[in-house]
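Peer 1: In the working numbering, the protein residues as written are 11 to 253. My structure is below; once you've seen it, I'll send some questions.
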């Protein structure tokens, strides 16, 4: 079995939500949509494993951050925010269609990411309080060979690790997402769904091309999408070096 990606997610401040049954229903509907759309990427169907926590096991680790964004978008309009920790590794058990029957370093890395996200050191490690997504790896891989990383390039003796670049991109992206208003998020989701301004007008409440453009620009749509592409590319590069 090759390198797998595991994403663990849960709901921020879920205990403060008054209607727990409604929350569970929203989560379950989102998970069903995800399983239908991404069946080809999954080792096992995604399911709620503990309370308001659910796990995803991916054949392609480069898709971990895109999976996080699927659930962010699915839950935004219900004003539900999530923590998401992910990692890469292998299985120490046989594959199973029940996620709860599997274990291995891929799960351990994702769990460690969640521990960091919700632990006392989160601000020190993550930086921004707006960032609730983290990639953890037990194996540091340098972006440049150590001999090539000189004080002339970096201005210090520090080396650059790929996972640090990934997490910095994620942090910057999550800060941009956190600044979006609910209306901007709605247009952002609709534009991703329909692919053009005119179709957004046809199938949504928006009635002006100018308003759509203004909301997408204010939401930093292009920057967020580009950051997702870069994170995916870096995760793919990292996974190739790990194999």
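No residue lacks a Cβ here, since even glycine has one placed at the ideal position from N, Cα and C.
(1) Measure the beta-carbon distance from residue 98 to residue 252 and round it to whole angstroms, keeping in mind my assumption that it falls under 8 Å.
(2) Consult DSSP for residue 103 and reduce its assignment to one of helix, strand or coil.
(3) Spell out the partners DSSP gives residue 93 in its beta bridges.
(4) Among 170, 108 and 223, which one has its Cα closest to the Cα of residue 207?
(5) Contact defined as beta carbons within less than 8 Å: I believe residue 77 pairs with residue 16. What is the distance between those atoms, to the nearest angstrom?
(6) Thinking C-beta only, is residue 248 closer than 8 Å to residue 226?
(7) From residue 131 to residue 125, what distance separates their C-alpha atoms?
(8) If we ignore side chains and look at the alpha-carbon of each, how far apart do residue 81 and residue 170 end up?
(9) Taking the alpha carbon of residue 174 as the point to measure from, which residue in 187, 184, 151 and 62 has its own alpha carbon closest?
(10) For residue 241, count the other beta carbons within 10 Å of its own beta carbon; 16 or more makes it buried, fewer makes it exposed. Which is it?
(11) What would DSSP say about residue 205, mapped onto helix, strand or coil?
(12) Secondary structure at residue 63, three-state DSSP: helix, strand or coil?
(13) Is it the case that the Cβ atoms of residue 92 and residue 148 are separated by a distance below 8 Å?
Peer 2: This is what the structure holds:
(1) Within the chain shown, numbered from 1, the residue matching residue 98 stands at position 88. Within the chain shown, numbered from 1, the residue matching residue 252 stands at position 242. The pair is a contact, with the Cβ atoms about 6 Å apart (cut-off 8 Å).
(2) On the chain shown, residue 103 is found 93 positions in, with the first residue counted as 1. Under the three-state reduction of DSSP, residue 103 is assigned to coil, being neither helix nor strand.
(3) Along the chain shown, read from residue 1 onward, the residue named residue 93 stands at position 83. DSSP lists 20 as the bridge partner or partners of residue 93.
(4) Translated into the one-based positions of the chain shown, residue 207 becomes position 197. For the options 170, 108 and 223, the alpha carbon positioned closest to that of residue 207 is the one of 223.
(5) One-based indexing of the chain shown puts residue 77 at position 67. One-based indexing of the chain shown puts residue 16 at position 6. In fact, because the Cβ distance is near 10 Å, the residues do not count as touching under 8 Å.
(6) Translated into positions along the chain shown, residue 226 becomes position 216. Translated into positions along the chain shown, residue 248 becomes position 238. Contact flag unset, no.
(7) Stepping through the chain shown from its first residue, residue 131 is reached at position 121. Stepping through the chain shown from its first residue, residue 125 is reached at position 115. Cα-Cα distance, rounded: 10 Å.
(8) Here residue 81 is taken as the residue at index 71 of the chain shown, counted from 1. Here residue 170 is taken as the residue at index 160 of the chain shown, counted from 1. So the alpha carbons of these two residues sit roughly 30 Å apart.
(9) Translated into positions along the chain shown, residue 174 becomes position 164. Its Cα nearest to that of residue 174, the residue 151 stands out among 187, 184, 151 and 62.
(10) For the purposes of this step, residue 241 is taken as residue 231 along the chain shown, with counting starting at 1. Counting Cβ neighbours within 10 Å, residue 241 comes out buried, since at least 16 surround it.
(11) As a position in the chain shown, residue 205 is number 195, starting the count at 1. When secondary structure is reduced to three states using DSSP, residue 205 falls in the coil class, being assigned neither helix nor strand.
(12) The residue given as residue 63 occupies position 53 in the chain shown. Residue 63: strand per DSSP, three-state reduction.
(13) What you label residue 92 is simply residue 82 of the chain shown in a count that begins at 1. What you label residue 148 is simply residue 138 of the chain shown in a count that begins at 1. Taking 8 Å as the Cβ cut-off, residue 92 and residue 148 do not qualify as a contacting pair.
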